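Numbering (this note's numbering), first residue to last: 265 to 323.
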């Protein structure tokens with residue numbers, strides 16, 4: 265897998281965990297699982313990115 269793949273997997277996992285634990289701070293009411301798993305793709309969507317930031321930072 266290599267060091268780059270390992271670091272990417274770690275970053276992906278951290279993103280999932282942070283979004284999962286901060287989900288209650290977002291405007292989303294459902295879809296917690298797929299929104300957490302698809303965050304690298306959805307991050308290019310502005311409303312999702314704002315909610316993702318809100319989940320991570322609480323702002």
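Glycine included, each C-beta is placed from N, C-alpha and C at the ideal position.
Every value quoted in this text rests on a predicted model; they were computed, and no experiment measured them.
### Query
Taking the alpha-carbon positions, what's the residue 318 to residue 272 distance?
Residue numbering aside, residue 318 sits at position 54 when the chain shown is read from its first letter. Residue numbering aside, residue 272 sits at position 8 when the chain shown is read from its first letter. One C-alpha to the other measures close to 22 Å.
### Query
Distance, Cα to Cα, residue 310 vs residue 294?
For the purposes of this step, residue 310 is taken as residue 46 along the chain shown, with counting starting at 1. For the purposes of this step, residue 294 is taken as residue 30 along the chain shown, with counting starting at 1. The straight-line gap from Cα to Cα measures roughly 18 Å.
### Query
Taking C-beta to C-beta, are residue 269 and residue 303 nearer than 7 Å?
Along the chain shown, one-based indexing puts residue 269 at 5. Along the chain shown, one-based indexing puts residue 303 at 39. No, they are not a contact pair.
#### Entry: Alpha carbon of residue 282 to alpha carbon of residue 320, nearest angstrom
The residue given as residue 282 occupies position 18 in the chain shown. The residue given as residue 320 occupies position 56 in the chain shown. Their backbone Cα atoms lie some 6 Å apart in a straight line.
### Query
Straight-line CA distance for residue 265 to residue 300?
Reading the chain shown from its first residue, position 1 is the one you call residue 265. Reading the chain shown from its first residue, position 36 is the one you call residue 300. Going from the Cα of residue 265 to the Cα of residue 300 covers about 23 Å.
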